[in-house]
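This report concerns only the one structure given below.
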Amino acid sequence: MSLFWRLFLLNAAVLVAGTGLLLLGPATVSTPVLATEALILLVGLGVMLVANAILLWIGLAPLQRLTRAMTTIDLLRPGSRPVVTGHGGIAELIKTFNTMLDRLKAERATSSARALSAQEAERHRIAQELHDEVGQTLTAVLLELKRVSDQAPAPLAAALHQVQETIRDSLDEIRRIARRLRPGVLEELGLLSALKALITEIPPHTGLAARCHLTNDLPELSEAAELVVYRIAQESLTNTVRHARATRFDLTLQRVPTGIDLRIRDNGQGLGRAPEGAGIRGMRERALLIGAELTLGPSPDGGTEVRLHVPARDESR
Numbered sequence: 003m004s005l006f007w008r009l010f011l012l013n014a015a016v017l018v019a020g021t022g023l024l025l026l027g028p029a030t031v032s033t034p035v036l037a038t039e040a041l042i043l044l045v046g047l048g049v050m051l052v053a054n055a056i057l058l059w060i061g062l063a064p065l066q067r068l069t070r071a072m073t074t075i076d077l078l079r080p081g082s083r084p085v086v087t088g089h090g091g092i093a094e095l096i097k098t099f100n101t102m103l104d105r106l107k108a109e110r111a112t113s114s115a116r117a118l119s120a121q122e123a124e125r126h127r128i129a130q131e132l133h134d135e136v137g138q139t140l141t142a143v144l145l146e147l148k149r150v151s152d153q154a155p156a157p158l159a160a161a162l163h164q165v166q167e168t169i170r171d172s173l174d175e176i177r178r179i180a181r182r183l184r185p186g187v188l189e190e191l192g193l194l195s196a197l198k199a200l201i202t203e204i205p206p207h208t209g210l211a212a213r214c215h216l217t218n219d220l221p222e223l224s225e226a227a228e229l230v231v232y233r234i235a236q237e238s239l240t241n242t243v244r245h246a247r248a249t250r251f252d253l254t255l256q257r258v259p260t261g262i263d264l265r266i267r268d269n270g271q272g273l274g275r276a277p278e279g280a281g282i283r284g285m286r287e288r289a290l291l292i293g294a295e296l297t298l299g300p301s302p303d304g305g306t307e308v309r310l311h312v313p314a315r316d317e318s319r
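When you line the sequence shown up against my numbering, it's residues 3 to 319, in that order.
The structure is reproduced here in structure tokens:
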């Protein structure tokens, strides 16, 4: 039965019942209307209105819950779906909404996977070009400067030496950027070594003291899951260095009965009320790709805490 007919029949039932009481009851309407009769009619009308309101509220309550769900749903933060309740068109509407959410989630996961895959490929290409083209060119410039400085007078040799140091610092920075774009250590030595290397790359001038607590007996993770864990740790560290004004950074990776947990804490200024930027939303998209759960909130030290729970692989698949 459609929503229209349900509302119509509910209202009709109330009105028919009220009319029947007036017709069959002992009360009559006089001309002019007596005070007692008017009181009875007003009381009867009030009862009918209250009964109609209660019935409509009960009948439309599932629609109100659906409206709240539609205004608060976020595909990057999967939560509970609206419960399929009600009758007729209301239950069908809620069921259709949940089906639409499932389809949107699947389509977003597919498109995000393609976008992130293209992003990783582009990072790989840029890192390769930085290493092969720019890095080799700067290395050749360093060798040429060394040859010239060996033959130059002392004052000019000192100036050339300063130029060499500047180019050498630039070459180190390019190599560091290339390593961040393409974590070769992750492919060659695994996740634990990559996280340790990530911590050691914090610039000294930031004054950030980093600690890394890693569990060796981690369950087997897919390449995609390892990359997601590494990228989320990398993005968290970048946010701490750039925005948190923190002096301490703690990274913990441990095994739990249902998989692994990555926990990152700092003692900075916290998230505040600022809207989530592209970095955090990118972290959420990466977590959804592998079915992981990502939460961000205040740290016990007053800063920010990032938690990532990666479920264990299903060996039966």
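Beta carbons are placed, not taken as given, at the ideal position from N, Cα and C, and that holds for glycine.
Remember, predicted model here, so these are calculated numbers, not experimental data.
query	result
Where residue 261 falls, given that 16 or more other Cβ within 10 Å makes a residue buried	buried
6 Å Cβ shell around residue 49 - same chain, five flanking residues per side excluded	none
Residue 266 - DSSP class collapsed to helix/strand/coil	strand
Distance between beta carbons of residue 231 and residue 310, contact taken as under 8 Å	7 Å
Neighbour-count burial assignment, residue 70, 16 or more Cβ in a 10 Å radius	exposed
Residue 1 in three-state terms, based on DSSP	Look at the range of the chain in this structure, 3 to 319, and you will see that residue 1 is not part of it.
Burial state of residue 55 (16 or more Cβ within 10 Å)	exposed
Nearest neighbour of residue 294, chosen from 75, 129 and 224 [CA to CA]	224
Enclosing beta strand (DSSP E) for residue 309 [first to last residue]	306 to 313
Cβ neighbours of residue 105 in the same chain (closer than 6 Å, five flanking residues each side left out)	none
Simplified DSSP assignment, three categories, for residue 216	strand
Cβ contact check for the segment 113 to 126 and the segment 134 to 145: 3 or more pairs under 8 Å	no
Within 8 Å, strictly: CB atoms of residue 248 and residue 270	yes
Where residue 299 sits in the DSSP three-state scheme	strand
Continuous beta strand (DSSP E) assignments of at least 3 residues falling wholly in the segment 70 to 143	none
Residue 210 and residue 258 closer than 8 Å at C-beta	no
Given residue 46 as reference, the closest of 98, 18 and 72 once Cα atoms are compared	18
N-terminal and C-terminal residue of the alpha helix (DSSP H) that residue 238 is part of	225 to 241
Residue 60 burial status per 10 Å Cβ neighbour count (16 or more: buried)	exposed
Buried/exposed call for residue 288, threshold 16 Cβ in 10 Å	buried
Bridge-paired residues (DSSP) for residue 250	211
Cβ-based neighbour list, residue 154, same chain, cut-off 7 Å, excluding 5 preceding and 5 following	162
Check: residue 75 C-beta below 7 Å from any heavy atom of the ligand FAD	Looking at this structure, you won't find the ligand FAD or any other ligand, since it has none at all.
Residue of 219, 303 and 234 minimising C-alpha distance to residue 280	234
Span separating the alpha-carbon of residue 192 from that of residue 314	17 Å
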